Amino acid sequence: MTTVLVVDDEKALVRALRINLVAHGYAVLTAHDGSSALRTAASGRPDVVLLDLGLPDLDGTTVIEGLRGWSRVPIIVLSARTESGDKVRALDAGADDYVTKPFGMDELLARLRAAVRRSGAGEADEPVVRTASFTVDLAARQVYRDGSPVHLTPTEWGVLEVLVRNRGRLVSRQQLLHEVWGPGYLAENHYLRVYLAQLRRKLEPDSGSPRHLRTEAGMGYRFEL
Numbered sequence: 001m002t003t004v005l006v007v008d009d010e011k012a013l014v015r016a017l018r019i020n021l022v023a024h025g026y027a028v029l030t031a032h033d034g035s036s037a038l039r040t041a042a043s044g045r046p047d048v049v050l051l052d053l054g055l056p057d058l059d060g061t062t063v064i065e066g067l068r069g070w071s072r073v074p075i076i077v078l079s080a081r082t083e084s085g086d087k088v089r090a091l092d093a094g095a096d097d098y099v100t101k102p103f104g105m106d107e108l109l110a111r112l113r114a115a116v117r118r119s120g121a122g123e124a125d126e127p128v129v130r131t132a133s134f135t136v137d138l139a140a141r142q143v144y145r146d147g148s149p150v151h152l153t154p155t156e157w158g159v160l161e162v163l164v165r166n167r168g169r170l171v172s173r174q175q176l177l178h179e180v181w182g183p184g185y186l187a188e189n190h191y192l193r194v195y196l197a198q199l200r201r202k203l204e205p206d207s208g209s210p211r212h213l214r215t216e217a218g219m220g221y222r223f224e225l
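The sequence shown begins at 1 in full-length UniProt numbering and counts up by one.
What follows is the structure in structure tokens.
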């Protein structure tokens, strides 16, 4: 059975969606704000997310970015925002589709089926990544070492997140610069040296001989468990 996470602060709409989705054979999880949406996605592992952008605690694009930190789950935005800029920001953040309120249930069900088909629902993602030295909670966007949270700057977190999402694989310097800083910074390799050094000091048992945040000379970086 396909599980759908419905995230919206309009409780009447959530109830209506739950009734319709269950009637069409879906299992349904619900959340009414961004923080609970991220927690529910991590614990419930939905196959697709229906997400409103206007949440009381977090903007919907922030929720999309939080999900994309660890999951490839299809995300369909349901929003009353009709400006093209809102749509572009949501899609750039990682949404797969954008449906403007009000919408027809038949159209939404068709988009749900298409999103699930494209994704191959059921492929597992892991929000919590544990090494021998520290733990990375991609859903909560937090790192723990010896049971205590480690403070990372937004840029340090961005670098770490890209590496952890690609764990075991080589991440080129250009890819890392593009994803964290943007396309205008592809020649700024010194940024990577500075921020990798800072991360190693905070996370590695021996920053001079890193075990987890590895440099591949002349190519890029690799995160190893």
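Heads up, the beta-carbon is just placed ideally off N, CA and C, and yes, glycines get one too.
Owing to the predicted nature of the structure, the values given are computational and were not obtained by experimental measurement.
Task: residue 290 - DSSP class collapsed to helix/strand/coil - done: Residue 290 lies beyond the residue range present for the chain, which begins at 1 and ends at 225; the question has no answer from this structure.
Open item on the list: For residue 278, count the other beta carbons within 10 Å of its own beta carbon; 16 or more makes it buried, fewer makes it exposed. Which is it?
Closed with: Residue 278 is absent from the structure shown; the chain starts at 1 and stops at 225.
Open item on the list: Give me the residue from PRO210, LEU29, LEU50, VAL162 with the minimum Cα distance to THR40.
Closed with: In the sequence shown, counting from the first residue as 1, residue 40 sits at position 40. With distances taken between Cα atoms, THR40 lies closest to LEU29.
TODO: Please report how far the alpha carbon of SER71 lies from the alpha carbon of PRO127, in whole angstroms.
DONE: The count along the sequence shown starts at 1 and reaches residue 71 at position 71. The count along the sequence shown starts at 1 and reaches residue 127 at position 127. Rounded to the nearest angstrom, the two C-alpha atoms are 7 Å apart.
- [ ] Take ASP86 and list the residues in its own chain whose beta-carbon comes closer than 6 Å to its own, dropping the five residues that flank it on each side.
- [x] In the sequence shown, the residue the question calls residue 86 occupies position 86. Spatial neighbours of ASP86 in its own chain (CB-CB distance under 6 Å, excluding positions within 5 residues in sequence) are not present.
Task: DSSP three-state assignment for GLU216, whether helix, strand or coil - done: For the purposes of this step, residue 216 is taken as the residue at position 216 of the sequence shown. Residue state, collapsed to three classes: strand.
- [ ] Quick one: grab the DSSP three-state call for GLU123.
- [x] Numbered from 1 along the sequence shown, position 123 holds the residue referred to as residue 123. Residue placement at GLU123 is flagged as unreliable, the pLDDT there being 43, under the threshold of 50; the coordinate-derived value follows with that caveat. The answer is coil: DSSP assigns GLU123 none of H, G, I, E or B.
- [ ] Whole angstroms is fine: what's the gap from ALA121's alpha carbon to VAL48's?
- [x] Residue numbering aside, residue 121 sits at position 121 when the sequence shown is read from its first letter. Residue numbering aside, residue 48 sits at position 48 when the sequence shown is read from its first letter. With a pLDDT of 46 at ALA121, under the threshold of 50, the modelled position of this residue cannot be trusted, and the question is left open.
Open item on the list: Using a 10 Å radius around the Cβ and a threshold of 16 neighbouring Cβ atoms, would you call SER79 buried or exposed?
Closed with: Here residue 79 is taken as the residue at index 79 of the sequence shown, counted from 1. SER79 comes out buried.
TODO: With a cut-off of 8 Å on the beta carbons, I'd call LEU17 and LEU50 a contact; round off their distance for me.
DONE: Position 17 of the sequence shown, counted from the first residue, corresponds to residue 17. Position 50 of the sequence shown, counted from the first residue, corresponds to residue 50. Going by Cβ atoms, the distance from LEU17 to LEU50 rounds to 7 Å, so yes, they are a contact pair.
TODO: Just mark PRO210 as buried or exposed, buried being the case when its beta carbon has 16 or more other beta carbons within 10 Å.
DONE: The residue you call residue 210 lines up with position 210 of the sequence shown. Within a 10 Å sphere around the beta-carbon of PRO210 sit 16 or more other beta-carbons, which makes this residue buried.
- [ ] Count the other CB atoms, across all protein chains shown, that sit within 10 Å of the CB of GLY220; report buried if there are 16 or more and exposed otherwise.
- [x] Position 220 of the sequence shown, counted from the start, is the residue given in the question as residue 220. Burial check for GLY220: the Cβ neighbour count within 10 Å reaches 16 or more, so the residue is buried.
TODO: Report the rounded CA-to-CA distance for PRO205 versus ARG81, giving the unit in angstroms.
DONE: In the sequence shown, residue 205 corresponds to position 205, counting from 1. In the sequence shown, residue 81 corresponds to position 81, counting from 1. When rounded, the distance between both Cα atoms is 48 Å.
Open item on the list: Measuring straight from C-alpha to C-alpha, what distance separates LEU160 and THR61?
Closed with: If you number the sequence shown from 1, residue 160 lands on position 160. If you number the sequence shown from 1, residue 61 lands on position 61. In a straight line, the C-alpha of LEU160 is about 20 Å away from that of THR61.
TODO: Identify the continuous beta strand (DSSP E) that holds VAL180 and give its terminal residues.
DONE: Taking the sequence shown and counting its residues from 1, the one referred to as residue 180 is at position 180. If you look at VAL180, you'll find it isn't in any beta strand (DSSP E); it sits in the alpha helix (DSSP H) that goes 173-180.
Open item on the list: Can you tell me whether GLU224 is buried or exposed? The criterion is at least 16 other CB atoms within 10 Å of its CB, across all chains shown.
Closed with: Looking up residue 224 in the sequence shown gives position 224. By the Cβ-count criterion, GLU224 is exposed, with fewer than 16 other Cβ atoms from all chains shown falling within 10 Å of its own Cβ.
Task: Cα-Cα separation, SER172 to LEU152 - done: The residue given as residue 172 occupies position 172 in the sequence shown. The residue given as residue 152 occupies position 152 in the sequence shown. Answer to the nearest angstrom: the Cα atoms are 22 Å apart.
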